[in-house]
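Chemist:
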Amino acid sequence: MKSFLFFAVLAVAGCGVCAAADDAVANGVEWLGTSHDFGAFDESMGVVETEFRFVNRGDEPVVILAARANCGCTTPRYRRDAVAPGDTASVVVGFNPSGRVGRFEKYVYVDTNTGGGGCRQRQRLSIGGVVIGSSNTLRSRFPVDAGALKLQGNTAALGRVKKGRMTSCNIRAYNQSGDTVVARVEGLPRYIKAYVRPERVPPGEMANVYFSFNTIDCKDCWGIVADSAFLRVDGQDGRVLLESVAVVEEDFSKMTPGQREKAPRAVLECDRVDFGRMPVADSVMEGSVRLSNGGRSALAVRRVYTADRGVSVSVDRDKVKRGGEAVIRVSVNPSELAGDLLNARIQVITNDPDNPVQTLRAVGELERGGF
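Numbering (the numbering used here), first residue to last: 3 to 373.
#1: Which partner residues does Thr352 have in the DSSP bridge list?
#2: With a threshold of 8 Å on Cβ separation, who are the neighbours of Ala1 within its own chain once the five nearest residues in sequence on each side are excluded?
#3: In the stretch 227-279, which residue ranges form an unbroken alpha helix (DSSP H) of at least 4 residues, counting only runs that do not cross its ends?
#4: What residues match up with Tyr193 in a beta bridge as DSSP calls it?
#5: Taking the continuous alpha helix (DSSP H) assigned at Asn138, which residues delimit it?
#6: Contact defined as beta carbons within less than 8 Å: I believe Val275 pairs with Val291. What is the distance between those atoms, to the nearest angstrom?
#7: Roughly how many angstroms lie between the CA atoms of Tyr176 and Val359, to the nearest whole one?
#8: Can you tell which of Leu140, Asp273, Ala268 and Val313 has its C-alpha closest to the C-alpha of Ser285?
#9: Helix or strand or just coil, what does DSSP make of Phe8?
#10: Report all residues from its chain with a CB closer than 8 Å to the CB of Gly130; omit the five preceding and five following residues, and keep chain order.
#11: Who are Ala364's beta bridge partners in DSSP?
#12: Going by C-alpha distance, which of Ile66, Thr361, Asp239 and Gly149 is nearest Gln125?
#13: Less than 8 Å between the beta carbons of Tyr193 and Tyr212, yes or no?
#14: As a quick exercise: from Gly35, Met280 and Cys272, pick the residue whose alpha carbon is nearest that of Arg363.
#15: Between which two residues does the beta strand (DSSP E) harbouring Cys2 extend?
#16: Once DSSP output is grouped into helix, strand and coil, what is the label at Ser337?
#17: What does the alpha-carbon distance come out to for the pair Glu53 and Gln123?
#18: Measure from the alpha carbon of Thr446 to the alpha carbon of each residue in Tyr111, Glu263, Asp181 and Asn58, then state which is nearest.
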């Protein structure tokens, strides 16, 4: 009984696609062409179509059983009745370019009843071309204007990366012009590399601006690392500012329980420096917080920093022995603050595996005076 079911399944399976045609002539069906290149055309043209014709060279009628595309943007149309021996028929393939700027390649799979033994013969038809995007599409997908090139954005978000490793990302670009362009990235620090690929971007085609960040080459990179560079298109005046942002973290994953037990421990005496009411003047106000090492080995102060305007920080040492302490100094220039309240975030990064990043706040209220 099991053997019977097994062979029954094989028989049913045999009624599927028996073979796929690799050339334009197969089992009596001769295709007069199996590929078409639309070339470069504007997205505003709407749906473009091409016709693939075939001749029935066999002795029996040919029926197109199905024609399916590999994308919803591509639509095939075909006759449903039988094609007599010697007659010609066609499959019309349409492509909708809306929102699909750049180079494309799509396929349509046509099944006919010429496989023999009740099976289907499959022929693959292909279309391709380059869509020149409309202004509306480019504004939504590539809002950053770099002359001939339009960019997906101007920030390379490199994400989180462990110290000693590399990370990378890319920004998509599109050549809206009618000429091939060459672009390059200038002004990066040595630990970040950036390049445009392909080097020569044809009209209407996509490119990528690749960024790679090697933390080994940046000894003092800890926490948020932000850099800037410029994208320049050859033959064009001006350049576009690009930003790169990464978060560099220490890798404690290989520490043994014994090493963690003997590790340093960073202890801040408090979590904020309160400057109280501050007069709006050019005078700088000072505050400080002690950072002590409550662990069993030396504490390395990797970085102490803030991104808040009008606030600056420093630490008097980058190594704190067991039982020792360092002093974090916080300076505030009230005249440079935005708004009436000070609420700055200060990041303290150390080699404490249990608490490597701590946040210290500088707070206060501006005293503007007057009525």
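No residue lacks a Cβ here, since even glycine has one placed at the ideal position from N, Cα and C.
Modeler: Quick answer:
#1: Within the sequence shown, residue 352 is the residue found at index 350, counting from 1. Note: Thr352 sits in a beta bridge opposite Val303.
#2: This structure cannot settle anything about residue 1, because the visible part of the chain is limited to 3 through 373.
#3: If only uninterrupted alpha helix (DSSP H) runs of at least 4 residues are considered, those enclosed by the stretch 227-279 are 259-263.
#4: Mapped onto the sequence shown, residue 193 falls at position 191. According to DSSP, which records beta bridges pairwise, Tyr193 is partnered with nothing at all.
#5: Here residue 138 refers to the residue found at position 136 when the sequence shown is read from its first residue. Looking at the DSSP string, the run of the alpha helix (DSSP H) that includes Asn138 is Ser137 to Arg143.
#6: For the purposes of this step, residue 275 is taken as residue 273 along the sequence shown, with counting starting at 1. For the purposes of this step, residue 291 is taken as residue 289 along the sequence shown, with counting starting at 1. The Cβ separation is near 6 Å, so the contact holds.
#7: Position 174 of the sequence shown, counting from 1, holds the residue named residue 176. Position 357 of the sequence shown, counting from 1, holds the residue named residue 359. Tyr176 and Val359: Cα-Cα distance of roughly 40 Å.
#8: In the sequence shown, the residue the question calls residue 285 occupies position 283. The residue with the shortest Cα to Cα distance from Ser285 is Val313.
#9: Start at 1 with the first residue of the sequence shown, and residue 8 comes out as number 6. Residue placement at Phe8 cannot be trusted, given a pLDDT of 41 that sits under 50; what the coordinates show is reported in the next sentence. Of the three classes helix, strand and coil, the one that applies to Phe8 here is helix, per DSSP.
#10: For this step, residue 130 is matched to residue 128 along the sequence shown. The beta carbon of Gly130 sits closer than 8 Å to the beta carbons of Ser37, His38, Asp39, Phe40, Arg105, Phe106, Glu107 and Lys108 from its chain, once the five residues preceding and following it are set aside; these are given in chain order.
#11: In the sequence shown, counting from the first residue as 1, residue 364 sits at position 362. DSSP, once it has assigned bridges, lists Val275 and Ala346 as partnering Ala364.
#12: Walking along the sequence shown from the start, residue 125 turns up at place 123. Cα-wise, what sits closest to Gln125 is Ile66.
#13: Within the sequence shown, numbered from 1, the residue matching residue 193 stands at position 191. Within the sequence shown, numbered from 1, the residue matching residue 212 stands at position 210. In this structure, Tyr212 does not lie closer than 8 Å to Tyr193 by Cβ.
#14: If you number the sequence shown from 1, residue 363 lands on position 361. When only C-alpha atoms are compared, the closest one is Cys272.
#15: Summary: the structure shown does not reach residue 2, with the chain confined to residues 3 through 373, and so no result is reported for it.
#16: If you number the sequence shown from 1, residue 337 lands on position 335. Ser337 carries a helical assignment under DSSP once its states are collapsed to helix, strand and coil.
#17: Taking the first residue of the sequence shown as position 1, residue 53 is located at position 51. Taking the first residue of the sequence shown as position 1, residue 123 is located at position 121. C-alpha separation (whole angstroms): 20 Å.
#18: Absent from the structure is residue 446, since the part of the chain shown begins at 3 and ends at 373.
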